[in-house]
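> Residue numbers (our numbering), protein chains in the order written: chain A, 1 to 402; chain B, 1001 to 1290. Glycine included, every Cβ here is placed at the ideal spot set by N, Cα and C. One structure is given below, represented as structure tokens, and several questions about it will come after.
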């Protein structure tokens, strides 16, 4: 046995050195595709929001590579992209081990994704540890960007301070002007953050806040809350809630004949529309972007979504996901090299193009993305504000709530 | 706040409480006879509610027809669930039997929820059948809910008559009150337990259809309903259907008033607070078992 030990160890050392040599030669190579590592929540509780994104990501790569890929100055040519995709099962611990694997085994060049604030805590430090720039997608909690991470950026659409910016701009210009507003909030940190921010804005804009009620996601009977809304005679009912939790609220508001100029829902989605049926008619809401609104890369995004059979109304976080790819692409182009440090420099406080407008990162890597105001008209979603990009005319006050 | 708003809340609470009571009926009968705390009871309602919603969406079946489909299905499910998974545990000692039934029913809760979510999706579903509402001044009363409450009241009376006038009902009551005496009088105790478990499960089908007509259901909402049902049977008395109905209404109205005078976010927690309070102050319960 002893006679075999040293030759075996020697062979292993040579093999390891050879593997490491191959792997390190591949990183940043102009002759291989740029490897973008990502995880998608294809299974688990978040899968309803993301289960079509593998196909979406593959189609995105096909479309980009159709024209040769990303222009890299140092290579003096376009270099195609290739995604390494794993299912994080909506579990942060699984995502952590997968990003570690992509850094050490797959040896990806850059990270794009993941999504969701629950992943935003433990995953970005992996990029930091390996010095791999990470443009995450739908990680919206601002505090996660306050940790001094130097390799972490995010492209959530919209961010809390700009969530209802265009809606409140619309309220300041409509006729008749609303005088009062009632906030109904799902007991969740993001939704409470939206209400906290926009209730102050409403007061500042001269709209009196006549009620502010929070509800548990387990609440099914909203009679008490709706009685308060009715008694307040608020002009606007502002629902800050995830779509599923507010299904009985919307249904019971219709049953109990709530009257208002408008009922606004911050997550007006296809899922909500399917569950409440025609009760959604006339409601307003927010959407990051919608096909038909022209902007940078809008043709590419429309094509990718069409080929992957993804509807923006059903998968409302899709723009955040695609924007992480678009930003990384532009950062590599801007850096002019498949070099992690140069790409990191390009991302720092950078401005990047997206179909919904410029994505501008602050020094923390947090963007300032906004959303368009939409209204359900005849069973279809129409962008109604701002008027210069509207796909339909705002109906005000909403006749369905009269 | 106006008196109309308060009346509106009271009406809503009564209708909600009626639904809670219906959920509790089956659990009350099962515990009364079989002495098993079925933690999967509310989940069975959630699963049946999802099935009812799918049947309505696919075939536009009348809710009564959906009940006619689901009642025998859940009867058969309940019968086999008890005879295959729970009855064998009776041969074990008291400790193993108690722990075993908790594990089996909690395991069933998890499996039923995940399986339903996998097959039908985790999103909320309901039966969107709505009739014109009645408006009296500022008060709006949903006629759908009036029909539902009427159905619950009729069902309570029918079940009370069934338990008092039929042989099966008397046998259930006999086993509830004195299992040994019932066996001496010729009641086959183990078959009666299986039949009661199946009967209690089949009542869930009716509750599920009526619940899904009022509120959305999802595969993971069942445990909260089970806790409410536990509260109701402790308040109203094990095996006491009228007591359960009154306790359900009390809970529904209390939740409504909590939301109205305080904060809606605390309403779902009220049943747990009541349950703990009753268990501490009245460890033997408030209601009298019949």
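Which residues share a DSSP beta bridge with residue 212(A)?
183(A)
> Buried or exposed: which applies to residue 1086(B), given that a residue is buried once 16 or more other Cβ atoms fall within 10 Å of its Cβ?
Buried, because 16 or more other Cβ atoms sit within 10 Å of the Cβ of residue 1086(B).
> Rounded to the nearest angstrom, what separates residue 298(A) and residue 242(A) at their Cα positions?
27 Å
> Looking at chain A, is there any beta carbon in it that lies within less than 8 Å of the beta carbon of residue 1219(B)?
no
> I'd like the ranges of any alpha helix (DSSP H) spanning at least 4 consecutive residues and lying wholly in the segment 1012-1072 of chain B.
Here the runs fully enclosed are 1041-1059.
> Please classify residue 1093(B): is it buried, with 16 or more other beta-carbons within 10 angstroms of its beta-carbon, or exposed?
exposed
> For residue 1062(B), count neighbouring Cβ atoms within 10 angstroms of its own Cβ and tell me buried if that reaches 16, exposed if not.
exposed
> Looking at residue 1089(B): is its Cβ nearer than 8 Å to the Cβ of residue 1208(B)?
In terms of Cβ geometry, residue 1089(B) and residue 1208(B) do not form a close pair [threshold 8 Å].
> Can you tell me whether residue 376(A) is helix, strand or coil according to DSSP?
strand
> In terms of alpha-carbon separation, which member of 1007(B), 1014(B), 1025(B), 1013(B) lies closest to residue 1160(B)?
1025(B)
> Tell me which residues of the segment 1118-1140 of chain B have at least one Cβ-Cβ distance to chain A shorter than 9 Å, keeping chain order.
1121, 1122, 1123, 1124, 1125, 1126, 1128, 1130, 1133, 1135, 1138, 1140
> Please check the pair residue 211(A) and residue 232(A), which I expect to be a contact at CB under 8 Å, by giving their CB distance rounded to whole angstroms.
That pair is a contact at about 5 Å.
> Mark residue 200(A) as exposed unless 16 or more other C-beta atoms lie within 10 angstroms of its C-beta, in which case mark it buried.
Sixteen is the threshold: since fewer than 16 other Cβ atoms of the shown chains lie within 10 Å of the Cβ of residue 200(A), the residue is exposed.
> Residue 326(A) and residue 352(A) look like a contact to me (Cβ under 8 Å); what is the Cβ gap, rounded to whole Å?
7 Å
> How many Å lie between residue 22(A) and residue 89(A) at the Cα?
Interpretation of residue 22(A) is limited by its pLDDT of 42, a score under 50 that renders its predicted location unreliable; the figure taken from the coordinates is listed afterwards. Distance from the CA atom of residue 22(A) to the CA atom of residue 89(A), rounded to whole angstroms, is 31 Å.
> Once you ignore the five residues that flank residue 56(A) on each side, which residues in its own chain have a CB closer than 8 Å to its CB?
304, 305, 308, 310, 318, 321, 322
> Under three-state DSSP, which class holds residue 1162(B)?
helix
> So if I threshold CB-CB distances at 8 Å, which residues from the segment 229-260 of chain A count as touching chain B?
Cβ contacts with chain B come from 230, 231, 244, 247, 248, 251, 255, 256, 257.
> Thinking just about the alpha-carbon of each residue, which of 1033(B), 1040(B), 1035(B) is nearest to the one in residue 1023(B)?
1040(B)
> Classify residue 317(A) as helix, strand or coil using the three-state DSSP reduction.
coil
> Along the chain, which unbroken stretches of the beta strand (DSSP E) at least 3 residues long are found entirely within the segment 244-328 of chain A?
262-265, 284-287
> Residue 1254(B) touches chain A at which residues, Cβ-Cβ below 7 Å?
Simply none; closest approach about 11 Å.
> Residue 348(A): which of 248(A), 338(A), 366(A), 91(A) sits nearest, CA to CA?
366(A)
> Would you grab the beta carbon distance between residue 194(A) and residue 246(A) for me? Rounded to a whole angstrom, and I think it's under 8 Å.
That belief does not hold up - the Cβ atoms of residue 194(A) and residue 246(A) are roughly 13 Å apart, past 8 Å.
> What does residue 277(A) reach in chain B if we use C-beta pairs closer than 7 Å?
Going along chain B in sequence order, the residues near residue 277(A) (Cβ under 7 Å) are 1128.
> Using only alpha-carbon positions, find the residue among 1112(B), 1218(B), 1241(B), 1142(B) that is nearest to residue 223(A).
Residue 223(A) has its Cα closest to that of 1142(B), out of 1112(B), 1218(B), 1241(B), 1142(B).
> What in chain B is Cβ-close to residue 216(A), meaning under 9 Å?
1264, 1265, 1266, 1267, 1268, 1269
> Do you know how far the Cα of residue 106(A) is from the Cα of residue 65(A)?
In a straight line, the C-alpha of residue 65(A) is about 21 Å away from that of residue 106(A).
> For residue 279(A), collect the residues of the same chain with a Cβ closer than 7 Å to its Cβ; drop the 5 residues on either side in sequence, then sort them by chain order.
250, 251, 254
> Going along the chain, which unbroken runs of the alpha helix (DSSP H) with 4 or more residues stay wholly within the segment 1204-1271 of chain B?
1222-1236, 1241-1261
> Along the segment 194-220 of chain A, what residues have a CB closer than 8 Å to any CB found in chain B?
213, 214, 215, 216, 218, 219, 220
> Taking all protein chains shown into account, decide if residue 70(A) is buried (16 or more other Cβ within 10 angstroms of its Cβ) or exposed.
buried
> Would you kindly check if the distance between the Cβ of residue 48(A) and the Cβ of residue 86(A) is under 8 Å?
no
> Can you tell me which of 115(A), 81(A), 108(A) puts its alpha carbon nearest to the alpha carbon of residue 92(A)?
115(A)
> Could you list which residues in chain A have their beta carbon closer than 8 Å to that of residue 1216(B), in chain order?
220, 247, 248, 251, 275
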